[in-house]
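Have a look at the structure below, then the notes.
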Amino acid sequence: MKKRLALICCIISCMLVMAGCSFSLVKTNDKFDQKVLEDNTDSFVKSWFEYDFESAVTDYAGQLDDETLSQYKDSKKLRDKYGKYDKKDDSSLTITTDTATVTETVLTDSGKKLVFSVTYDEDGNTVSWNVDEYKTKGEIMGKAGLNTVMSMGIVFIVLIFIAVIIAQFKYIGNAQNRKKETEPVVEPVPEVPAVVEEEDLTDDLELVAVITAAIAAASENECTDGLIIRSIIRK
């Protein structure tokens, strides 16, 4: 038990040290001046509302990459939808070890809001920028919940589909068994044992006796002792 508590304390200590290091890196980076970055972002936002994106897309279509070209087209659509710049509603700064991002919420003359995110490097140069429609926390949570429900629904549909496929396996097995039952069974033909015919030696014995008597008469020796007939060849 003591070992577990000691291990948990060590893990918590390491997490706190890492968090402290990250916090110190963010806060001790004094190359970023919040006031300067916010002023630069204000100028960028105002110039965004005045920039002619349509002409830029037409004149520099061959020189712009696909990402920048798409960003310009989306910016034109957003500006046509939300109208002109009215005032700055809110601003926040996020600093990392080598970049700083200013997030600014702007109110337009249509009464709607846009969110600008501009990222700067250590020299204060603009690295990237993005413009999104402003959404309340309720809208964000609602969209996140909808995405969660849709994801879970897709997972359940896939699982149900797999379960249906697995359930069909038994019907496939039954169909194969029925097919085997309907096929005619070819019974093997039993082997008939070969009948060995016994040789009838009666005639041969009589023949041997006759031949033996004939040989004895021809040799002028009526005694047949010691006379052995080994084979008889018919011609």
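Residue numbers (my numbering): 7 to 241. Beta carbons are placed, not taken as given, at the ideal position from N, Cα and C, and that holds for glycine.
Using a 10 angstroms sphere on the CB of Ser81, the tally of other CB atoms reaches 16 or more, which defines it as buried. The beta carbon of Thr47 lies closer than 8 Å to those of Ser97, Val108, Glu110, Phe122, Val124 in the same chain, with the five residues before and after it left out. Judged by DSSP in its simplified three-state form, Ser76 adopts helix. Our two residues, Asp72 and Ser134, have alpha carbons roughly 15 Å apart in a direct line. A distance below 9 Å separates the beta carbons of Asp95 and Val112.
Going by DSSP, Lys52 is part of the alpha helix (DSSP H) stretching over 40 to 56. The beta carbon of Ala62 sits closer than 7 Å to the beta carbons of Tyr78 from its chain, once the five residues preceding and following it are set aside; these are given in chain order. Classified as exposed, Val155 has fewer than 16 neighbouring CB atoms from the shown chains inside 10 Å of its CB. For Leu70, the secondary structure class from DSSP, reduced to helix, strand or coil, is coil. A direct Cα-to-Cα measurement between Gly159 and Lys41 gives close to 47 Å. Note on Leu120: 16 or more other CB atoms within 10 angstroms of its CB, so buried under the neighbour-count rule.
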